[in-house]
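The number in this note's numbering is simply the position in the sequence shown, starting from 1, with 4 added.
Glycine included, every Cβ here is placed at the ideal spot set by N, Cα and C.
Working notes for the structure below.
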Amino acid sequence: MESAVRDRIEARLQRLYGQDGGVVAERLVSVVESRRQQMPPPNATTWNETDAVLITYGDQISADGETPLQTLRSWLCQTGLNQLIHTVHILPFSPYSSDDGFSVIDYRRVDPALGTWDDITALGEHVNLMFDLVLNHCSQESEWFQAYLRGEEPYIRYFIEADPAVDLSAVTRPRSLPLLHEFTTSRGPRHIWTTFSRDQVDLNFADPDVLVEMIDILLFYAQQGARIIRLDAIAYLWKELGTTCIHLPQTHEVVKLMRDVLEVAAPGTWLLTETNVPHVENVSYFGERDEAHLVYNFSLPPLLLEAFVSEDVTYLQNWLADLEYPAGTAYFNFTASHDGVGVRPLEGLVPAARFEQLIAAMRERGAFVNTKRDSNGNDSPYELNITYFDAFSDPAAPDAGLHAQRFLASQAIMLFLRGIPGIYFHSLVGTPNDHDGVLRTKQNRSINRRKFREQELEDLLADQASAQRQVLDGYQQLLRTRQANSAFHPDAPIEVTDVGSAAVLAFTRHSLEDGQRLLIVANVSGRATTIRLPDENPAVDLLTGSVPAEPTRLAPYQVRVLQMGSTS
């Protein structure tokens, strides 16, 4: 390891652990060097317009006689989707006890119900891979926590004990659940820090053993082929009484340390931070271009949804116009995920009345609303639990074709923005709300986590008139358009454009390579709209392959990708 990198790692550890930082650095460097020798050849490619990520559970599709991971691989290859989506994010695939994988029992094993490491390796022969590192907490059933309960070293320091009499009201709460839960240990009852649930006990990163262990797991995932590693719930990592315990300087230092380590041992592996918080807080994880390579664009899903509900792009457009793009970083653009649609990222971006209108509209479409506990003791909306497809339904006038068209318009906007797109499986196939799943699990998030038998999915998509088939076909066309045009490179500049209609979002993308300039216009309303185009006549609409007869007129929910000619 180069001395400059080693010195930087030691300096970070001293900021975390004071005078013990040097000793911790020796241990960590040993771990890094050991893992470094076992790494596959580095991925030398950087991101480009062909990059898109499919977000899916390992058991999203199942069939008799094979593991779900094998079924997922064969389905992607048979449909040709592996040619359009080059990275697959397998949501947590380790043995777990709750939260569909996010309460991890053993980080280094694959859940036998999903398959094996060989299955993941086989999938990685066809696509790049993205893994979750669920590092804020682990399962109460994990061997680490069971050893803690037994009073064994070093695990008695792996978790955070707190006195329930201490004032913890300043702590930011992402859930309307108790922060502490009581457990019976060999040393008597103890109250343990549990940010998300009783079954998800927070790890104590103030103990260097925990940090070294987690960095070893990070490198193990890179060794297993992860091109992107998602740092789950990273914002809550470090706890310090008397603070909010979110976004603490130590947390940022840990992310920077992980980037340093990856650049030494696994260059070409990217860190993605998951921080479902207001935009300014979210983008702080870019650091000074020395922290996350990617951050989730958390404000995009609710802003995009709000624009279609209100048929007004004003707040979405204003936000896009103000976005900054630090060199060497990218936004992970998405509209849906396993967690639903977070609404905290709307804070400060839309007026209260528009926020309430959005919540009411989603309830009308079958959404559940999860809440968080505020510092004043009240509960407020935290996330909308609804499939993004059904969020674009019209209860007053159901029409499968128009529903699919409206939804695909939202996805086109996401795919054509600057950054790397992430596509949740249920958006790819237009899955409706799974209310039966909610009844079965008693968990609101199950509405957007339906699993399919392979034959069931094939039968659903075989109906050419179904909304699901229309969504899949439309999505494939959008992905092919993105791949074929250099102006959609994640780093290619974007400029928001005023075309004279509050119902139309318009922006240009400029290629860094060949001067290609594209104007994307999207009508978010259910009425035909006339727009004002630049003086230059568009050459062609790349989605239709022809010159529009009426380029200034957009049908309801129509999207155009207009080739505006080359610039020198």
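query: Could you please give me the residues that DSSP links to histidine 141 through a beta bridge?; result: Asp206
query: For serine 505, does the count of other Cβ atoms within 10 angstroms reach 16, so buried, or fall short, so exposed?; result: buried
query: Just grab the DSSP bridge partners of methionine 134 for me.; result: His93, Ile232
query: Along the chain, where does the alpha helix (DSSP H) that runs through phenylalanine 420 open and close?; result: 404-420
query: Kindly indicate the opening and closing residues of the alpha helix (DSSP H) around glycine 28.; result: Position check: residue 28 holds valine in this sequence, whereas glycine was assumed. Valine 28 -> alpha helix (DSSP H) spans 25-40.
query: Sorted by chain position, which residues of the same chain lie with C-beta nearer than 8 Å to methionine 568's C-beta, five sequence neighbours on each side aside?; result: Thr512, Arg521, Leu522, Leu523, Pro538, Glu540, Pro542, Ala543
query: Between the Cα of arginine 377 and those of Gly370, Pro385, Ala371, spot the shortest distance and give me the residue it belongs to.; result: Pro385
query: Could you tell me which of Met218, Arg348, Leu547, His185 sits nearest to serine 303, measuring between CA atoms?; result: Arg348
query: Which residues in the same chain as aspartate 123 place their Cβ atom closer than 8 Å to its Cβ, once the five residues preceding and following it in sequence are excluded?; result: Thr71, Leu73, Gln74, Arg77, Val114
query: In whole angstroms, what is the alpha-carbon distance linking glutamate 157 and leucine 223?; result: 24 Å
query: What's the gap between the Cα of proline 399 and the Cα of cysteine 249?; result: 41 Å
query: Check the C-beta distance from tyrosine 561 over to glycine 530 and give it rounded, since I have them as a contact under 8 Å.; result: 7 Å
query: Is lysine 260 buried or exposed, if buried means 16 or more other CB atoms sit within 10 Å of its CB?; result: buried
query: Of the residues Pro497, Thr533, Thr485, which one's Cα is nearest the Cα of alanine 507?; result: Thr533
query: State the CB to CB distance for the pair valine 563 and alanine 416, rounded to an integer number of angstroms; the pair is presumed to be in contact (CB under 8 Å).; result: 4 Å
query: Would you grab the beta carbon distance between glutamate 574 and valine 442 for me? Rounded to a whole angstrom, and I think it's under 8 Å.; result: No answer is possible for residue 574: the residues shown for the chain start at 5 and end at 572.
query: Only counting the same chain, and skipping five residues up and downstream in sequence, which positions put a Cβ closer than 7 Å to that of glutamine 468?; result: none
query: So, with DSSP's three-state summary, where would you put leucine 20?; result: helix
query: Which stretch, first to last residue, makes up the alpha helix (DSSP H) that contains glutamate 278?; result: Neither: glutamate 278 is in no alpha helix (DSSP H) and is coded neither H nor E.
query: When burial is assigned at 16 or more other CB atoms within 10 Å of the CB, is serine 173 buried or exposed?; result: exposed
query: Confirm, please, whether the CB-CB distance from alanine 226 to isoleucine 4 is below 8 Å.; result: What is shown of the chain runs 5 to 572, which leaves residue 4 out entirely.
query: Is it buried or exposed for proline 425, if we count other Cβ within 10 angstroms and need 16 for buried?; result: buried
query: State the Cα-Cα distance for the pair leucine 184 and alanine 169, rounded to the nearest angstrom.; result: 11 Å
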